[in-house]
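Going down the list, the protein sequences come from chains B and P. Position one of the first sequence corresponds to residue 278 (the working numbering), numbered consecutively onward. Position one of the second sequence corresponds to residue 278 (the working numbering), numbered consecutively onward. The beta-carbon is built from N, C-alpha and C at its ideal position, and this holds for glycine as well. Given the structure is predicted, the values throughout are model-derived calculations rather than measurements.
Protein chains: 2
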Amino acid sequence: MARIFCDIRLSEEELRDLRERVAPHEVLVPEREAGFVLSVGEHDPAFLTANIVVGQPNVESVLTAPHLQWVQVTSAGITRYDTPEFRAAAEARGLTITNSSDVYAEACAEHVFAFMLAQARSLPRSISTITASKESAWSELRESCRPLKGGRVVILGYGFIAERLVEMLAPFHMEIVAMRRRARGNEAVPIVNGEALAAELGRADHVINILPDNKESRHFVSHDLLAKFRKGAIFYNIGRGATVDQDALVEALKSGQVGAAWLDVTEPEPLAVDHPLRGAPNCFITPHVAGGHQNEKQSLLAHFLANLRRFERGEALRNRVI
Amino acid sequence: MARIFCDIRLSEEELRDLRERVAPHEVLVPEREAGFVLSVGEHDPAFLTANIVVGQPNVESVLTAPHLQWVQVTSAGITRYDTPEFRAAAEARGLTITNSSDVYAEACAEHVFAFMLAQARSLPRSISTITASKESAWSELRESCRPLKGGRVVILGYGFIAERLVEMLAPFHMEIVAMRRRARGNEAVPIVNGEALAAELGRADHVINILPDNKESRHFVSHDLLAKFRKGAIFYNIGRGATVDQDALVEALKSGQVGAAWLDVTEPEPLAVDHPLRGAPNCFITPHVAGGHQNEKQSLLAHFLANLRRFERGEALRNRVI
Numbered sequence: 278m279a280r281i282f283c284d285i286r287l288s289e290e291e292l293r294d295l296r297e298r299v300a301p302h303e304v305l306v307p308e309r310e311a312g313f314v315l316s317v318g319e320h321d322p323a324f325l326t327a328n329i330v331v332g333q334p335n336v337e338s339v340l341t342a343p344h345l346q347w348v349q350v351t352s353a354g355i356t357r358y359d360t361p362e363f364r365a366a367a368e369a370r371g372l373t374i375t376n377s378s379d380v381y382a383e384a385c386a387e388h389v390f391a392f393m394l395a396q397a398r399s400l401p402r403s404i405s406t407i408t409a410s411k412e413s414a415w416s417e418l419r420e421s422c423r424p425l426k427g428g429r430v431v432i433l434g435y436g437f438i439a440e441r442l443v444e445m446l447a448p449f450h451m452e453i454v455a456m457r458r459r460a461r462g463n464e465a466v467p468i469v470n471g472e473a474l475a476a477e478l479g480r481a482d483h484v485i486n487i488l489p490d491n492k493e494s495r496h497f498v499s500h501d502l503l504a505k506f507r508k509g510a511i512f513y514n515i516g517r518g519a520t521v522d523q524d525a526l527v528e529a530l531k532s533g534q535v536g537a538a539w540l541d542v543t544e545p546e547p548l549a550v551d552h553p554l555r556g557a558p559n560c561f562i563t564p565h566v567a568g569g570h571q572n573e574k575q576s577l578l579a580h581f582l583a584n585l586r587r588f589e590r591g592e593a594l595r596n597r598v599i
Numbered sequence: 278m279a280r281i282f283c284d285i286r287l288s289e290e291e292l293r294d295l296r297e298r299v300a301p302h303e304v305l306v307p308e309r310e311a312g313f314v315l316s317v318g319e320h321d322p323a324f325l326t327a328n329i330v331v332g333q334p335n336v337e338s339v340l341t342a343p344h345l346q347w348v349q350v351t352s353a354g355i356t357r358y359d360t361p362e363f364r365a366a367a368e369a370r371g372l373t374i375t376n377s378s379d380v381y382a383e384a385c386a387e388h389v390f391a392f393m394l395a396q397a398r399s400l401p402r403s404i405s406t407i408t409a410s411k412e413s414a415w416s417e418l419r420e421s422c423r424p425l426k427g428g429r430v431v432i433l434g435y436g437f438i439a440e441r442l443v444e445m446l447a448p449f450h451m452e453i454v455a456m457r458r459r460a461r462g463n464e465a466v467p468i469v470n471g472e473a474l475a476a477e478l479g480r481a482d483h484v485i486n487i488l489p490d491n492k493e494s495r496h497f498v499s500h501d502l503l504a505k506f507r508k509g510a511i512f513y514n515i516g517r518g519a520t521v522d523q524d525a526l527v528e529a530l531k532s533g534q535v536g537a538a539w540l541d542v543t544e545p546e547p548l549a550v551d552h553p554l555r556g557a558p559n560c561f562i563t564p565h566v567a568g569g570h571q572n573e574k575q576s577l578l579a580h581f582l583a584n585l586r587r588f589e590r591g592e593a594l595r596n597r598v599i
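Written as structure tokens, this is what we have:
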């Protein structure tokens, strides 16, 4: 019988339901309410007795809890755990970390695909323009649309989201390559790094950033990287805000080096109302909602329960990251 | 040697280029400037000497011109020719009518797909909302997103655009059926009419109208048809505005019977600034730009030239409609 610490914010009914579904395992909850996503958890006495954690526990608690075997993080990003020190400590203790990519990959891939099609069809402009046949605004609007079909795509960061996005783009016959820190050989598209990446950026119509936030990725999308883009390429970010040098992006949008930017993540979140990115030309910002979808909490719990069954049977867990 | 009448509005350079490419055939142009799409052409003396027409000629001119063998219409819609009288007269004279669906199918399918994803990801709201984690507006926005994946779709009107849209939707594992006046047996999805259509409308998440404008389709999307929708279904129209009873649609949006409407076509175009549809809840209107794309005129001419080569060789023409 395992002791499962859960810091997902649940109603009494949801908690009762969870308890029934994991029985005979025990469910522990924090005494003080914690945030739902990417917040720092409480160093809770109950936590220290847990074997399994589902939620967003803080690193110190995880490394302190003596009985902990497995942590399932309720996000796709695992920034706070993604350090050499934590990886080494977790591996030394035989601690498994899984994330919730399966829950967010579909919504995230649909979100960036929605960005791509909205850009291709000039949607923000066309849903706010009243014009008609033969007016110059009408001809310009039509002419501003660029079919996705046959375009070139560079994806920065290849994981579950990129994998799903590549599937979605298949009917558009695009040329797609991706950058990945450590290629595993099972990727659906060619992996490029260094000089090969620079060459691909110089030809791409679309550059899609899905990079996680860690020491290596900080400001990866720099002034120098943006200068390698083909002039007028479209930039999308559904990874993490810290991976982009935002001042450099503002400059690139102003000069036309980047044709448009669609950002679901920024640094900080939300950006100040008067932040230069909000006023930059062709810059569209959504408030970190790419992974969001109806019944998200239920999806997270179902994903945890499916992994709990695997854990009970000693099988490999889904979305294992450490 | 054929005499080709062209009422596409061309620059001098474009006209010179066209003349070179069709030589030794002759290119005739109207003396008075005509509109580019769906306008009524001039009854031009040169027209009466033509064997081939590319553009938007008026019905009377077409039926009057004694040497005419083939008309290539520069739109996907062929409303003005789509009457039993015209069809009978054209067939009696051995006159072939082709349209330009190949040119518009890709852009139109991308446009309606952009609508679907923008709706799925609550894009109009999320690009205009400043909020962040833990705020109720943030949670509501995330919760308002409904993945396309696995949803049910009814397409009204199955032609080149629907065919391409069905290809695009393949990675989303949706259940798709279509209504078609005369099923041909080569459709990629099941064709439904009458009672079967009503049953499908009662289960669909998305109803996509691609109907052409003709006598049978006028106000096909009526109060009664909208009442058959599953409550909250999303309605899209990239066909023709006249196929929808707009008063009934306003009412359905107000009652929540239709969850949102995305319209590229209306009646008339543009709708008045104070038309009730513009103020209806969750109604998004683009100004008849679904088929528009960069270098459209060049695509139309290339499509005509490819058909001209087939015509010269006596082969079947692409996009033949009569």
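(message) Distance cutoff 8 Å, beta carbons only. Does glutamate 528 of chain P sit that close to anything in chain B?
(response) Mapped onto the second sequence, residue 528 of chain P falls at position 251. So, not an interface residue.
Query - Short CB-CB distance (under 8 Å) between valine 566 of chain B and chain P - result: For the purposes of this step, residue 566 of chain B is taken as the residue at position 289 of the first sequence. For valine 566 of chain B, the answer is yes, since a Cβ of chain P falls inside 8 Å of its Cβ.
Next item on the list: Report all residues from its chain with a CB closer than 6 Å to the CB of alanine 557 of chain P; omit the five preceding and five following residues, and keep chain order.
Entry: Working through the second sequence from its first residue, we reach residue 557 of chain P at position 280. Contacts found: Val527, Leu530.
Report task. Tell me, please, whether the CB atom of alanine 447 of chain P is closer than 8 Å to any CB atom in chain B? Result -> Indexing the second sequence from 1 puts residue 447 of chain P at position 170. At least one chain B Cβ lies under 8 Å of alanine 447 of chain P.
**OP:** Specify, as a first and last residue, the run of the beta strand (DSSP E) that asparagine 304 of chain P falls within.
**Re:** For the purposes of this step, residue 304 of chain P is identified with residue 27 of the second sequence, where counting begins at 1. Strictly speaking, residue 304 of chain P in this sequence is valine, with asparagine absent from that position. Unbroken beta strand (DSSP E) run through valine 304 of chain P: 303-305.
Checklist entry - When you compare only the Cα positions, how much space is there between serine 288 of chain P and lysine 574 of chain P? => result On the second sequence, position 11 is the one that residue 288 of chain P refers to. On the second sequence, position 297 is the one that residue 574 of chain P refers to. A straight line joining the alpha-carbon of serine 288 of chain P with that of lysine 574 of chain P spans about 11 Å.
Notebook entry, point to check: When you compare each of B/Val304, B/Ile487, B/Thr408 to valine 389 of chain B by their alpha carbons, which one comes out closest?
Noted result: Locating residue 389 of chain B in the first sequence gives position 112, counting from the first residue. Per the Cα distances, B/Ile487.
Review point. Beta carbon of glycine 436 of chain P, beta carbon of methionine 456 of chain P: below 8 Å?
Key: Counting from one through the second sequence, the residue named residue 436 of chain P turns up at place 159. Counting from one through the second sequence, the residue named residue 456 of chain P turns up at place 179. Contact: no.
If you drop the 5 nearest sequence neighbours on each side, which residues of the same chain put their C-beta closer than 7 Å to that of leucine 340 of chain B?
One-based indexing of the first sequence puts residue 340 of chain B at position 63. Taking leucine 340 of chain B as the centre and dropping the five residues before and after it, the same chain places the C-beta of Ala366 closer than 7 Å to its C-beta, in chain order.
Exercise for the section: Could you pull out every residue in the same chain whose Cβ sits closer than 6 Å to the Cβ of histidine 552 of chain B, ignoring the five residues on either side in sequence? Expected result: Sequence index remark: in the first sequence, residue 552 of chain B carries index 275 (1-based). Answer for histidine 552 of chain B: no residue qualifies.
Applying the 10 Å Cβ sphere with the 16-neighbour rule, what's the burial state of glutamate 290 of chain P? Indexing the second sequence from 1 puts residue 290 of chain P at position 13. Per the 10 Å Cβ criterion, exposed.
query: Is the Cβ-Cβ distance between phenylalanine 282 of chain B and valine 350 of chain B less than 8 Å?
result: As a first step, residue 282 of chain B is located in the first sequence; it is residue number 5 there, counting from the start. As a first step, residue 350 of chain B is located in the first sequence; it is residue number 73 there, counting from the start. No, the Cβ-Cβ distance between phenylalanine 282 of chain B and valine 350 of chain B is not below 8 Å.
Proximity test, Cβ basis, 8 Å: arginine 398 of chain B and chain P
In the first sequence, residue 398 of chain B corresponds to position 121, counting from 1. Cβ-Cβ to chain P under 8 Å: yes for arginine 398 of chain B.
Glutamine 346 of chain P CB to nearest chain B CB: under 8 Å?
Taking the second sequence and counting its residues from 1, one reaches residue 346 of chain P at position 69. Closer than 8 Å: no.
**Whole runs of the alpha helix (DSSP H) within the segment 420-484 of chain B, excluding any shorter than 4 residues** = 437-446, 471-478
Given alanine 519 of chain P, which residues of its chain have a CB within under 8 Å of its CB, disregarding the five upstream and five downstream residues? In the second sequence, counting from the first residue as 1, residue 519 of chain P sits at position 242. Cβ neighbours of alanine 519 of chain P beyond the five flanking positions: Asp490, Ser494, Arg495, His496, Glu544.
Can you check whether the CB of aspartate 541 of chain P is closer than 8 Å to the CB of alanine 510 of chain P?
Residue 510 of chain P sits at position 233 when you count from the first residue of the second sequence. Residue 541 of chain P sits at position 264 when you count from the first residue of the second sequence. A distance of 8 Å or more separates the beta carbons of alanine 510 of chain P and aspartate 541 of chain P.
Cβ of cysteine 422 of chain B within 8 Å of any chain P Cβ: Position 145 of the first sequence holds residue 422 of chain B. Chain P contact via Cβ: present.
Of the residues P/Ile562, P/Val306, P/His570, which one's Cα is nearest the Cα of glutamate 417 of chain B? Sequence index remark: in the first sequence, residue 417 of chain B carries index 140 (1-based). The residue with the shortest Cα to Cα distance from glutamate 417 of chain B is P/His570.
Report task. Below 6 Å CB to CB, which residues in the same chain sit around alanine 382 of chain P once its five sequence neighbours on both sides are set aside? Result -> Within the second sequence, the letter at position 105 stands for residue 382 of chain P. Excluding sequence neighbours, alanine 382 of chain P sits near Phe437, Ile438, Arg441.
Excluding the 5 residues flanking serine 524 of chain B on each side, which residues of the same chain have their C-beta closer than 6 Å to its C-beta?
Numbered from its first residue, the first sequence carries residue 524 of chain B at position 247. For the record, residue 524 of chain B in the displayed sequence is aspartate; it is not serine. Excluding positions up to five away in sequence, the list is empty.
Looking at the secondary structure, which residues open and close the beta strand (DSSP E) in which asparagine 514 of chain P lies? Here residue 514 of chain P corresponds to residue number 237 of the second sequence, with the count starting at 1. That run of the beta strand (DSSP E) goes 510-514.
What does the alpha-carbon distance come out to for the pair leucine 585 of chain B and leucine 400 of chain P?
As a position in the first sequence, residue 585 of chain B is number 308, starting the count at 1. As a position in the second sequence, residue 400 of chain P is number 123, starting the count at 1. Taking the straight line from one Cα to the other gives about 35 Å.
Original post:
Should glycine 568 of chain B and cysteine 385 of chain B be called a contact, given that it needs their Cβ atoms to be closer than 8 Å?
Top reply: On the first sequence, position 291 is the one that residue 568 of chain B refers to. On the first sequence, position 108 is the one that residue 385 of chain B refers to. Closer than 8 Å, so yes.
Q. Looking at the C-beta of valine 550 of chain B, does it have a partner C-beta in chain P at a distance below 8 Å?
A. The residue labelled residue 550 of chain B in the question sits at position 273 within the first sequence. At least one C-beta of chain P is nearer than 8 Å to the C-beta of valine 550 of chain B.
Q. Using the C-alpha atoms, what's the distance from isoleucine 407 of chain B back to lysine 508 of chain B?
A. Taking the first sequence and counting its residues from 1, one reaches residue 508 of chain B at position 231. Taking the first sequence and counting its residues from 1, one reaches residue 407 of chain B at position 130. Distance between the alpha carbons of lysine 508 of chain B and isoleucine 407 of chain B: 30 Å.
**Asked** From leucine 305 of chain P to aspartate 284 of chain P, what does the alpha carbon distance come to, in whole angstroms?
**Response** Translated into the one-based positions of the second sequence, residue 305 of chain P becomes position 28. Translated into the one-based positions of the second sequence, residue 284 of chain P becomes position 7. Whole-angstrom Cα-Cα distance: 9 Å.
Inset, instruction - Could you have a look at threonine 406 of chain P and say whether DSSP puts it in helix, strand or coil? - result: Position 129 of the second sequence, counted from the start, is the residue given in the question as residue 406 of chain P. It is coil, neither helix nor strand.
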